[in-house]
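Residue numbers (my numbering), protein chains in the order written: chain A, 2 to 217; chain B, 2 to 217.
Glycine residues also receive a C-beta, built at the ideal position from the N, C-alpha and C atoms.
Source: prediction; values computed, not measured.
Number of protein chains: 2
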Amino acid sequence: MPIKVLLVDDEPLVRAGLRAVLEAQPDIEVVGEAADGAAVVPLVRSLRPDVVAMDVRMPLLDGIEATRAVLRSVDAPPKIVVVTTFENDEYVYDALRAGADGFLLKRARPAEIVHAIRLVAEGETLLFPAAVRALAAEYGSAPARAALERAALTDREADVLRLMARGMSNAEIAAELIVGAETVKSHVSAVLAKLGARDRTQAVIAAYESGFVSPG
Amino acid sequence: MPIKVLLVDDEPLVRAGLRAVLEAQPDIEVVGEAADGAAVVPLVRSLRPDVVAMDVRMPLLDGIEATRAVLRSVDAPPKIVVVTTFENDEYVYDALRAGADGFLLKRARPAEIVHAIRLVAEGETLLFPAAVRALAAEYGSAPARAALERAALTDREADVLRLMARGMSNAEIAAELIVGAETVKSHVSAVLAKLGARDRTQAVIAAYESGFVSPG
DNA sequence: GATCTTCTCCCCCGCGCGGGGGAACCGGCT
DNA sequence: AGCCGGTTCCCCCGCGCGGGGGAGAAGATC
Chain A
2 MPIKVLLVDD
12 EPLVRAGLRA
22 VLEAQPDIEV
32 VGEAADGAAV
42 VPLVRSLRPD
52 VVAMDVRMPL
62 LDGIEATRAV
72 LRSVDAPPKI
82 VVVTTFENDE
92 YVYDALRAGA
102 DGFLLKRARP
112 AEIVHAIRLV
122 AEGETLLFPA
132 AVRALAAEYG
142 SAPARAALER
152 AALTDREADV
162 LRLMARGMSN
172 AEIAAELIVG
182 AETVKSHVSA
192 VLAKLGARDR
202 TQAVIAAYES
212 GFVSPG
Chain B
2 MPIKVLLVDD
12 EPLVRAGLRA
22 VLEAQPDIEV
32 VGEAADGAAV
42 VPLVRSLRPD
52 VVAMDVRMPL
62 LDGIEATRAV
72 LRSVDAPPKI
82 VVVTTFENDE
92 YVYDALRAGA
102 DGFLLKRARP
112 AEIVHAIRLV
122 AEGETLLFPA
132 AVRALAAEYG
142 SAPARAALER
152 AALTDREADV
162 LRLMARGMSN
172 AEIAAELIVG
182 AETVKSHVSA
192 VLAKLGARDR
202 TQAVIAAYES
212 GFVSPG
């Protein structure tokens, strides 16, 4: 009997890609899709998947909350694999703490994705792929890193800085985080103040220099 | 005279979407469509498009080979923009090496797609659009550096980008280089155009991701 | 000579950014 | 109950930024 998988991602293209990759395997069957976390629990109840491939960042209910909701409210819950774009995404670890069984990168090769699904279906836990260790190893210089740690950014400020470091405007960050533009401005101002940066460009430079974000 | 665009994608839905987006612009005209790479060269010869929006993955002849074929066999070849679904598409960089002038993601917003077409039509190389990070992540900094070299910054523009990456304002850069503020603005604008960056922050990000500057 | 690129500087203009305030809500802590 | 930090949103305001033009001088190239 095949491994039944439920896909949860707000981007149709990502779902289509995962479906194509997984359904090419004879032992894997995609039994359903959801575009946001709020739809996950009912779908898990009705479809009884073995594995849920869950995006972290989604509108309405993110992957972390959705993971908690599934584990809390479903008997014999499925294995949950967190799907993420960036390996240094802090949310990934939150999701793992919330009870997820592993994670995989969207840029992973199809064979790796298939492998990950099979592993967690068998009860294994995928915690720290080589990519994450390698990234942690080449983390930034100690002084700069310490400086940024001293800055003591809040969770939300860290989110904003991460998106700033991806070149997003305030409006784009607001759309990404599903908050108002004024809210983003508040967070940006707080980040600039804490980092001692004059503008967003200096803040992004500090993020790179400290290893808060890393090239590649 | 409008920018003449040829669409090449095996998915009719994608072609329809691109056509709808591009033809909403008064200065852009979609002159033709092709469903696979094999049909591209004859169509380029007969239609003489300014820009070819080329999917990477296609039946018969993929976007990489089709790009090579066009550049090899057509005089005064059109600009070629690689269209891809996933930012980590391993073939994207191969296409850039084959001579493509830029790339864009299918999930990009209409305004970004239009912007990309206009930029490459003007002879710029489009590097930034969100995919640079993923490319650099998977293949290391060498490809991104090569891509930045393709941008062909002049000596002065490289000077300005280096100082931008140190967090300097236009006025500070002007003082550092002992030139007028207006001169710096000109160089900055040139850098942004060549990198396909929207603002100085994105330019600095591209500088880090490409290894043009390094943390530490 | 003519042409091209590069570097230099200038104009106007719109807008996003960042500073400076304030305020409401909520959860945690005392 | 009271306090406080975090998140959310609002106001006004000045200014640097970036786009779109143009233009002159120097050097390379043909």
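Should residue i go down as buried or exposed, given a rule of 16 or more other Cβ atoms within 10 Å for buried?
i        : result
A/Asp200 : exposed
B/Ser215 : exposed
A/Ala21  : exposed
B/Glu158 : buried
A/Ile179 : exposed
B/Arg46  : exposed
A/Arg16  : buried
B/Arg73  : exposed
B/Ala182 : exposed
B/Thr202 : buried
B/Thr85  : buried
A/Arg167 : buried
B/Met169 : buried
Roughly how far, in whole angstroms, is the beta-carbon of residue i from the beta-carbon of residue j, given that I think they are within contact range, below 8 Å?
i        : j       : result
B/Ile65  : B/Ala99 : 5 Å
B/Val269 : B/Glu24 : Since the first residue shown for chain B is 2 and the last is 217, residue 269 of chain B is missing from the structure and cannot be characterised.
A/Val115 : A/Val53 : With 8 Å as the limit, A/Val115 and A/Val53 do not qualify as a contact, their Cβ atoms being about 16 Å apart.
A/Leu7   : A/Leu44 : 6 Å
Excluding the 5 residues preceding and the 5 following residue i in the sequence, name in chain order all residues of the same chain whose CB lies nearer than 7 Å to its CB.
i        : result
B/Leu164 : Ile174, Glu177
B/Ala204 : Leu162, Met165, Val192, Leu193, Leu196, Ala198
B/Pro3   : Asp28, Ile29, Glu30
A/Gln26  : Val115
A/Ala172 : Ala182
A/His188 : Arg157, Glu158, Val161
B/Leu154 : Leu162, Val192, Lys195
B/Ala138 : Model confidence at B/Ala138 stands at a pLDDT of 40, short of 50, so the residue's coordinates are unreliable and nothing is read from them.
In chain order, what residues of the same chain lie with their CB nearer than 8 Å to the CB of residue i, ignoring the 5 residues before and after it?
i        : result
B/Ala122 : Ile4, Asp51, Val52, Lys80
A/Val41  : Leu7, Val9, Ala35, Val53, Met55, Leu62, Ala67, Ala70, Val71
A/Lys186 : Asn171
B/Arg1   : For residue 1 of chain B there is no data in the structure shown, the boundaries of chain B being 2 and 217.
A/Leu48  : Lys5, Leu7, Val32, Gly33
If you drop the 5 nearest sequence neighbours on each side, which residues of the same chain put their C-beta closer than 6 Å to that of residue i?
i        : result
B/Ala101 : Thr68, Ile81, Val83
B/Pro78  : Val71, Leu72
A/Pro130 : Annotation note: pLDDT 35 at A/Pro130 (below 50); position unreliable, no value reported.
B/Met59  : Asp11, Asp37, Gly38
A/Asp90  : Bear in mind that the predicted position of A/Asp90 carries a pLDDT of just 48, short of 50, making it unreliable; the figure below should be weighed with that in mind. Excluding positions up to five away in sequence, the list is empty.
B/Val75  : Val45
A/Thr184 : none
What residues from the region 176 to 209 of chain B come within 9 Å of chain A, judged by C-beta to C-beta, listed N to C?
-> Answer set for the region 176 to 209 of chain B: Ala198, Arg199, Asp200, Arg201, Thr202, Gln203, Ala204, Val205, Ile206, Ala207, Tyr209.
Could you name the residues of the region 158 to 177 of chain A whose beta carbon sits closer than 8 Å to any beta carbon of chain B, in the order they occur along the chain?
-> Going along the region 158 to 177 of chain A in chain order, one finds Met165, Ala166, Arg167, Gly168, Ser170 with a Cβ nearer than 8 Å to chain B.
Entirely within the region 27 to 55 of chain A and at least 4 residues each: give me those alpha helix (DSSP H) ranges in chain order.
-> If we require 4 residues or more, the alpha helix (DSSP H) runs fully inside the region 27 to 55 of chain A come out as 41 to 48.
Which of the residues in the region 32 to 66 of chain A, read from start to end, lie with their CB under 9 Å from any CB of chain B?
-> Within the region 32 to 66 of chain A, no residue qualifies.
Using a Cβ-Cβ cut-off of less than 7 Å, give me the residues of the region 69 to 86 of chain A that come near chain B, in sequence order.
-> Those residues of the region 69 to 86 of chain A placed with their C-beta closer than 7 Å to a C-beta in chain B do not exist.
Start-end ranges of the alpha helix (DSSP H) lying completely within the region 179 to 215 of chain B, minimum 4 residues | Taken in chain order, the complete alpha helix (DSSP H) segments of 4 or more residues contained in the region 179 to 215 of chain B are 182 to 196, 201 to 211.
Runs of beta strand (DSSP E) wholly within the region 65 to 90 of chain B (minimum 3 residues, chain order) | Fully enclosed beta strand (DSSP E) runs of 3 or longer: 80 to 85.
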